[in-house]
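Heads up: take any position in the sequence shown, counting from 1, add 1223, and you land on the numbering used here. Glycine included, every Cβ here is placed at the ideal spot set by N, Cα and C. The structure presented is a predicted model; accordingly, all values stated were derived computationally and were not measured.
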Amino acid sequence: MKTIVPLIMTGMLCLTIEPSYAQNTAFDAKSYFSGKTVTIQVGFSPGGGTDLQARHFAAYWSKFMLGSPRFRVTNVRPNVASANRLYKSPPDGLTLELTGSPNVVNQFTRSQAKFRVEENRIIGTHIGALGVLFGYKTLPYKTLRDAVGGKEVIVSGWRDPSQAGAMRLAALSEWLNIPMKFIPGASGTADSLLELERGDTNAWIPGGAGTQWFTLPTIRPGWLKDGTIRPIALMGEREDKIPANKEVAMPADVPYAADLIKDPEHRRQYLAFSNLIDRYSKIFMSPPKTPDHIIAVYRQSYQALLNDKEFSGKLEVLQGSPVAYIPGDKIEKDLDQMVKDYKELGNVFKSWQGLAKKRF
């Protein structure tokens, strides 16, 4: 499977709007959206990274969109419920979702999933990174390498064994003889950080392609700098690099988890699965069958937003990294391929759910 390295752009972003999708010349976007309200769904708790970004977009988007509709954010938890709700929403351009991941794995592993992510329409994404496993200050291991064959237990919180992060950690635990325990936990950045603070867990592997590496200095200032939390493993390929956030650079001794896997087939399976989880992070999605002319309005206004110095400047402060724009038409093609990839290795990945269940 080919790994896509996120496009991290330094400095201010300059975007060219290209009419690469079908237009309906009879569509009067200004009249259609005027006086209407657009709902942005977030499948996580208020105050987390995805929620904060959604609210930032909601505060500005109407200024850059024909008809200047009002934007509001609603939290629909858990994230699978939000994905289901988007999938069933009318394709009228009045419901969007800002996801924390592509949701491909959830589509196949969560019994509650009633959506097909490859059928959704995609506006685009503005951030890309590399998955990171974090350890809290109470964890005795400096890195995941130190935990191989260890005795102290790494504890993390998950809703259930079908969560992609739990499956991936369980496979690593099995192959590398790393003691791990999973406890029933909440979802999303805000809830996961509370679990660490309460002492319920001592490790955290967030969703969202590692974007929390960049948002942590904003939502928990000083934590990375003073060692309250630290990265203990990078979850992608060695070719994938992650830049410094506004507090610290990635320590040179943090290993790539894939480099710890000795069996070539296990390593291939692991990297294929990590690609499904980490290739994309914050994605703006619209319901299936949303017409091209409505998608065109959103893609153009989304690019205009990201091209605005005031908006992008504040967004970069909020997420802690430069804007990394990837257009929606490319993401739609990649999601098609990711679904095919999961179908190829689905039975292998399904077995990892059993490994995760054993650790609850």
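Asked	Found
Flag residue 1270 as yes if its beta-carbon sits less than 9 Å from any beta-carbon of chain B, otherwise no.	Absence of chain B from the displayed structure is noted, only one protein chain being present.
Between 1504, 1574, 1571, 1568, which has its C-alpha nearest residue 1554's C-alpha?	1504
Please state whether DSSP places residue 1456 in a helix, a strand or coil.	strand
Count Cβ pairs between the segment 1326-1339 and the segment 1566-1578 that sit closer than 8 Å; are there 3 or more?	yes
What did DSSP end up calling residue 1573 once you bin it into helix, strand or coil?	helix
For residue 1264, list the residues DSSP reports as bridge partners.	1297, 1320
Assuming residue 1408 and residue 1382 make a contact with CB atoms under 8 Å, what is their CB distance in whole Å?	7 Å
Could I get the ranges of all uninterrupted alpha helix (DSSP H) runs contained in the segment 1320-1395, with 4 residues as the minimum, in chain order?	1327-1332, 1367-1370
Measuring straight from C-alpha to C-alpha, what distance separates residue 1566 and residue 1299?	28 Å
Taking C-beta to C-beta, are residue 1292 and residue 1256 nearer than 9 Å?	yes
For residue 1516 versus residue 1250, is the C-beta distance shorter than 9 Å?	yes
Rank 1401, 1527, 1474, 1518 by C-alpha distance to the C-alpha of residue 1318 and give the top, closest one.	1518
Could you check where the alpha helix (DSSP H) with residue 1440 kicks off and where it finishes?	1435-1442
Using a 10 Å radius around the Cβ and a threshold of 16 neighbouring Cβ atoms, would you call residue 1577 buried or exposed?	exposed
Between residue 1495 and residue 1564, how many whole angstroms is the CB-CB distance? I'm expecting something under 8 Å.	6 Å
Residue 1562 and residue 1327 - do their beta-carbons sit closer together than 9 Å?	yes
Alpha carbon to alpha carbon, how far is residue 1492 from residue 1568? Give it in angstroms, no decimals.	8 Å
Can we say the segment 1543-1552 touches the segment 1373-1391, given the rule of at least three CB pairs closer than 8 Å?	no
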